[in-house]
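>
Residue numbers (UniProt numbering): 1 to 930.
1. Enumerated in chain order, which unbroken segments of the beta strand (DSSP E) with a length of 3 residues or greater are wholly contained in the stretch 224 to 311?
2. Within the stretch 807 to 885, note down every full beta strand (DSSP E) run reaching 3 residues or more, in order along the chain.
3. Do you know how far the Cα of residue 101 is from the Cα of residue 610?
4. Check each candidate in 836, 416, 545 and 797 and name the one with the smallest Cα separation from residue 679.
5. Taking a contact to mean a Cβ-Cβ separation below 7 Å, would you say residue 687 touches residue 822 in this structure?
6. Quick check: residue 635 and residue 464, are their CB atoms within less than 7 Å of each other?
7. Please classify residue 166: does DSSP put it in a helix, a strand, or coil?
8. If I follow the unbroken beta strand (DSSP E) through residue 621, where does it start and stop?
9. From the DSSP output, which residues share a beta bridge with residue 136?
10. Apply the 10 Å Cβ neighbour rule to residue 111 and answer buried if 16 or more other Cβ atoms are within range, or exposed otherwise.
11. Sort out for me which residues DSSP pairs residue 612 with in a bridge.
12. Taking the alpha-carbon positions, what's the residue 357 to residue 316 distance?
13. For residue 189, which residues does DSSP report across the bridge?
14. In chain order, what residues of the same chain have a beta carbon less than 8 Å from the beta carbon of residue 804, not counting five sequence neighbours either side?
15. Can you check the stretch 694 to 748 for any alpha helix (DSSP H) of at least 4 residues that lies completely inside it and give the ranges in chain order?
16. For the stretch 124 to 135 against the stretch 183 to 196, do three or more pairs of beta-carbon atoms, one drawn from each stretch, fall closer than 8 Å, so that the two count as touching?
17. Along the chain, where does the beta strand (DSSP E) that runs through residue 410 open and close?
18. Return the CA-CA distance between residue 757 and residue 707, expressed in angstroms with no decimal places.
19. Based on Cα-Cα distance, which residue from 751, 777, 775 and 789 lies nearest to residue 769?
20. Does the stretch 261 to 270 come close enough to the stretch 238 to 252 that 3 or more CB-CB pairs lie under 8 Å?
21. Measure the Cβ-Cβ separation of residue 430 and residue 468 and say whether it is below 7 Å.
22. Compute the Euclidean distance between the alpha carbons of residue 104 and residue 153, then round it to the nearest angstrom.
23. The beta strand (DSSP E) that contains residue 354, what's its start and end?
24. Quick check on DSSP: helix, strand or coil for residue 452?
25. How is the alpha helix (DSSP H) around residue 795 delimited, first residue to last?
26. Taking just the CA atoms, how far does residue 146 sit from residue 174?
27. In terms of DSSP beta bridges, what is residue 74 paired with?
28. Identify which residue in 913, 555 and 445 has its Cα closest to the Cα of residue 596.
29. For residue 651, which of helix, strand or coil comes out of DSSP?
30. Would you mind reading off the limits of the beta strand (DSSP E) that contains residue 214?
31. In three-state DSSP terms, what is residue 774?
32. From residue 672 to residue 665, what does the alpha carbon distance come to, in whole angstroms?
33. Could you tell me the boundaries of the alpha helix (DSSP H) in which residue 924 lies?
34. Measuring alpha carbon to alpha carbon, tell me which of 587, 820 and 775 ends up nearest residue 44.
35. To the nearest angstrom, how far is the alpha carbon of residue 915 from that of residue 877?
36. In terms of residue numbering, what span does the alpha helix (DSSP H) encompassing residue 421 cover?
Okay, here's the thing in structure tokens:
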């Protein structure tokens with residue numbers, strides 16, 4: 001993100017410190033007062049002709065000058081940042097004296113007040129007692145918020161509490177729940193309801209706090225239920241002087257900016273509660289350095305590199321196995337002599353359980369040479385007989401419950417979720433990120449003082465593994481784990497494991513509370529259309545007019561943004577801003593600026609980020625241009641608005657980028673048509689680099705044709721401003737592009753579809769003698785009676801495409817299926833018993849190999865490999881019944897890539913279901929002439 005200089009303070013005497021530059025000479029003493037006032041920090045959105053629509057991050061002024069009522073100067077900062085700001089000032093020559101009202105200390109909790117029938121969170125209560133501010137994060141479906149509030153109220157019966165919510169309905173719901181828990185001194189304060197005088201607990205909306213009828217300055221404990229919404233408000237109440245805590249659900253993924261906001265208001269102390277009576281375990285990580293030598297050959301795949309440098313590296317395996325045996329067999333002398341850097345953290349752990357983590361069975365079998373008799377705990381092994389007798393015995397022993405619970409074991413990453421985190425874990429897998437623990441693994445009882453130690457390998461024998469070791473260390477620190485005795489942040493910290501690190505892809509809908517039936521709404525886009533339809537009915541607008549105002553609606557753009565965040569690609573554009581770097585509230589403000597820019601005609605897309613993508617089965621690479629997340633939202637809004645209308649123009653032979661039209665449907669229709677008509681000669685071609693070679697003026701011209709045709713035939717009017725937006729997106733930032741469109745834009749496939757509709761589909765469909773045809777985006781197929789007819793067809797197609805400066809690849813050409821085979825959309829076409837059957841093309845096998853090879857670059861390669869194989873089998877449904885034992889062949893390819901822990905029954909079930917869907921699709925396809 002680009003940054004803008006913070007706002008300058010008013011002119012001051014040079015003898016006084018400048019709050020924008022804390023390194024200037026300072027007086028010997030300075031007062032620092034901490035408050036909860038927000039100065040700045042929202043993203044600044046602007047549109048420029050040279051760089052497009054940009055979002056710049058504004059810096060926060062953390063320390064600024066103020067004057068009290070006696071006209072005395074003092075420095076003021078955010079209350080949550082009291083400790084780090086104080087430390088920074090002292091390190092730079094300040095003598096800091098804290099002023100202002102401090103929260104009162106809490107007495108010892110009255111534990112007897114807690115119910116014996118319910119699980120209590122004692123560490124949470126201690127956290128509140130020991131910290132004036134903090135964030136209490138909890139797992140959404142496992143922890144009851146009212147229980148946390150009730151426990152605080154019960155153990156301190158003399159303290160007055162205010163609970164801040166953002167909605168009146170939430171206040172009333174929480175009031176009823178606290179009543180059912182036996183708390184009767186509770187009152188509700190909203191804009192329409194005044195609190196009852198004398199009640200110890202008040203549930204207030206943030207709007208009600210403005211009137212100060214709650215008297216928050218006299219409340220000793222303040223709890224905020226929706227911290228991410230509340231702290232973004234400009235009218236945040238500054239009169240809170242008591243202890244301040246936030247309750248945050250881990251379902252809501254936090255952006256980096258939201259984390260900083262919470263730090264400023266609620267401090268840097270975080271506590272995570274996975275379920276009542278339990279806490280998240282914070283491991284201690286120590287690195288063991290390996291300085292072996294390894295010279296890699298050129299052009300080596302990552303799988304081969306791992307196999308030679310990690311899995312079959314006996315020197316490294318001997319070092320790991322020696323450490324494992326020293327801990328397991330109480331060998332104090334070996335730990336002190338051979339591993340002096342680990343002696344201090346490991347001596348208390350001697351004789352405890354040892355778990356050696358490896359990536360796959362191949363590595364486990366190699367370690368078994370040095371750890372003889374140790375069980376191997378693995379996932380579902382595809383073929384156990386493919387291993388030696390010792391490995392088979394170790395795998396059999398690893399299936400026993402005792403091995404999973406208490407034995408010293410070698411475990412693969414795919415089986416790591418089976419065990420509990422105790423003792424010592426030696427990480428020998430040289431992975432990318434965190435170990436693939438389950439949520440349950442790092443959950444311990446509230447009263448259990450359990451510790452967990454991880455010994456990781458700091459590999460120094462290859463540049464790739466040096467980088468991975470550094471990445472793992474940074475990931476541990478980001479999670480708040482203690483690394484080599486140090487922690488970058490407090491141990492109970494904000495980056496919650498499995499919560500904020502992974503995007504929440506669940507579709508969540510918030511509907512108005514009412515006792516009436518609503519139409520079925522599945523996505524945010526459906527919700528927007530439902531609201532838009534209600535507004536249009538009230539205003540009397542016609543749905544046959546498509547305007548730029550509909551596309552540029554800031555709510556519409558925000559819903560498209562949320563849809564892309566859930567289901568779209570997560571890569572950032574050239575501005576390096578991802579979906580989770582900006583909060584929803586700030587994103588809404590950005591889209592208001594973007595909407596204004598669109599309506600005034602000032603919008604320009606930003607420069608895309610270019611990513612080379614290898615083509616399966618070839619050495620060629622295609623360049624994927626990834627737009628910024630805001631440009632993607634605009635193009636998605638444009639596509640969702642125009643796609644239903646453009647669907648009315650497209651012909652039957654067009655299958656690409658259309659609703660309810662998939663490659664399978666095209667293949668099913670092709671099979672039915674070929675068998676009915678007996679046209680076994682196919683002319684199959686692709687357009688060479690269609691996205692890169694298309695002319696922008698042709699895109700605009702064909703959309704103008706579609707605009708005119710929709711108006712004449714269907715009575716649908718598309719305003720010129722919408723066509724101008726299409727032209728703006730196609731021309732890019734400089735508005736000088738004449739050739740090529742960004743393949744990473746959400747509207748680019750639709751643009752190409754409209755262009756080919758008018759320069760290919762319509763002219764050829766008008767030819768009386770032209771044969772049947774099918775088109776999937778830029779993949780072209782023509783059904784001919786003879787080879788000579790196929791030659792004439794391709795000559796005609798070249799002439800038609802030449803008008804738009806497009807050319808055919810010339811790779812496939814004309815094929816007579818009665819004599820040979822052909823390839824189409826990843827399948828091999830062949831005639832058998834007067835039927836068209838599909839086989840898996842060599843290109844698809846190569847694609848599977850490349851995807852499995854790229855799985856080694858992910859955080860959890862084993863899980864990613866299973867996802868790749870399942871997705872590949874689901875896509876190959878038309879060929880699964882004709883290509884032999886597909887599952888066995890897939891398992892063999894996966895084993896060569898180091899993935900032996902597959903579940904053949906699951907893969908067989910996946911293949912059977914995919915084949916069944918293909919058969920059902922064939923039964924619903926009727927023959928039709930195109």
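Even glycine gets a Cβ: it sits at the ideal position worked out from N, Cα and C.
Computed from a predicted model, the values in this text were never measured in an experiment.
Once the coordinates are examined:
1. Within the stretch 224 to 311, the runs of beta strand (DSSP E) at least 3 residues long that lie entirely inside it are, in chain order, 243 to 249, 270 to 273, 278 to 280 and 284 to 290.
2. Counting only runs of 3 or more, we get 813 to 816, 822 to 824, 827 to 832 and 835 to 840.
3. One-based indexing of the chain shown puts residue 610 at position 610. One-based indexing of the chain shown puts residue 101 at position 101. When rounded, the separation of the alpha-carbon atoms in residue 610 and residue 101 is 54 Å.
4. Position 679 of the chain shown, counted from the start, is the residue given in the question as residue 679. Looking at the Cα atoms, 836 is the closest of the given residues.
5. Start at 1 with the first residue of the chain shown, and residue 687 comes out as number 687. Start at 1 with the first residue of the chain shown, and residue 822 comes out as number 822. It is not a contact, given that the beta carbons lie outside the stated cut-off.
6. Your numbering for residue 635 matches position 635 in the chain shown. Your numbering for residue 464 matches position 464 in the chain shown. Their beta carbons are not under 7 Å apart, which means residue 635 does not touch residue 464 by this criterion.
7. For this step, residue 166 is matched to residue 166 along the chain shown. When DSSP states are grouped into helix, strand and coil, residue 166 belongs to the coil group.
8. As a working note, residue 621 is residue 621 in the chain shown. Membership of residue 621 in the beta strand (DSSP E) is indicated by the continuous run 621 to 626.
9. The residue given as residue 136 occupies position 136 in the chain shown. DSSP output for residue 136 lists 247 and 271 as bridge partner(s).
10. Residue mapping note: residue 111 aligns to position 111 of the chain shown, counting from 1. Here residue 111 is exposed: its Cβ has fewer than 16 other Cβ atoms, across all protein chains shown, within 10 Å.
11. Numbered from its first residue, the chain shown carries residue 612 at position 612. Here residue 612 is bridged, per DSSP, to 623.
12. One-based indexing of the chain shown puts residue 357 at position 357. One-based indexing of the chain shown puts residue 316 at position 316. For residue 357 and residue 316, the distance between alpha carbons rounds to 14 Å.
13. Position 189 of the chain shown holds residue 189. Partner(s): 204.
14. The residue labelled residue 804 in the question sits at position 804 within the chain shown. The residues are 694, 695, 698, 755 and 759.
15. Segments of the alpha helix (DSSP H) lying fully in the stretch 694 to 748: 696 to 714 and 720 to 731.
16. Because the criterion of three Cβ pairs below 8 Å is not met, the stretch 124 to 135 and the stretch 183 to 196 do not touch.
17. As a first step, residue 410 is located in the chain shown; it is residue number 410 there, counting from the start. If you look at residue 410, you'll find it in the beta strand (DSSP E) that goes 409 to 412.
18. The residue you call residue 757 lines up with position 757 of the chain shown. The residue you call residue 707 lines up with position 707 of the chain shown. Rounded to the nearest angstrom, the two C-alpha atoms are 13 Å apart.
19. Taking the first residue of the chain shown as 1, we reach residue 769 at position 769. The residue among 751, 777, 775 and 789 with its C-alpha nearest the C-alpha of residue 769 is 789.
20. Verdict: yes, contact present.
21. For this step, residue 430 is matched to residue 430 along the chain shown. For this step, residue 468 is matched to residue 468 along the chain shown. Contact annotation: residue 430 and residue 468 have beta-carbon atoms nearer than 7 Å.
22. In the chain shown, residue 104 corresponds to position 104, counting from 1. In the chain shown, residue 153 corresponds to position 153, counting from 1. Those two C-alpha atoms are separated by around 16 Å.
23. In the chain shown, residue 354 corresponds to position 354, counting from 1. It spans 354 to 358 - the beta strand (DSSP E) in which residue 354 sits, taken as one unbroken run.
24. As a first step, residue 452 must be located in the chain shown, where it is residue number 452. Under the three-state reduction of DSSP, residue 452 is assigned to strand.
25. Along the chain shown, one-based indexing puts residue 795 at 795. Taken as a continuous stretch (DSSP letters only), the alpha helix (DSSP H) holding residue 795 covers 787 to 802.
26. Position 174 of the chain shown holds residue 174. Position 146 of the chain shown holds residue 146. Taking the straight line joining both Cα atoms gives about 7 Å.
27. Taking the chain shown and counting its residues from 1, the one referred to as residue 74 is at position 74. Bridge partners of residue 74: 66.
28. As a working note, residue 596 is residue 596 in the chain shown. For residue 596, the closest alpha carbon among the candidates 913, 555 and 445 is that of 555.
29. What you label residue 651 is simply residue 651 of the chain shown in a count that begins at 1. Three-state result, residue 651: coil.
30. Position 214 of the chain shown, counted from the first residue, corresponds to residue 214. Here residue 214 belongs to no beta strand (DSSP E), and DSSP marks it neither H nor E.
31. On the chain shown, residue 774 is found 774 positions in, with the first residue counted as 1. DSSP places residue 774 in strand when its eight states are reduced to three.
32. Taking the chain shown and counting its residues from 1, the one referred to as residue 672 is at position 672. Taking the chain shown and counting its residues from 1, the one referred to as residue 665 is at position 665. If you take the alpha carbons of residue 672 and residue 665, they lie about 11 Å apart.
33. Residue mapping note: residue 924 aligns to position 924 of the chain shown, counting from 1. Note, residue 924: alpha helix (DSSP H), 904 to 924.
34. To locate residue 44, count along the chain shown from 1; it is residue 44. Comparing Cα positions, the closest option is 587.
35. Looking up residue 915 in the chain shown gives position 915. Looking up residue 877 in the chain shown gives position 877. The straight-line gap from Cα to Cα measures roughly 5 Å.
36. As a working mapping, residue 421 is identified with position 421 in the chain shown. In the DSSP assignment, residue 421 falls outside any alpha helix (DSSP H) and carries neither an H nor an E.
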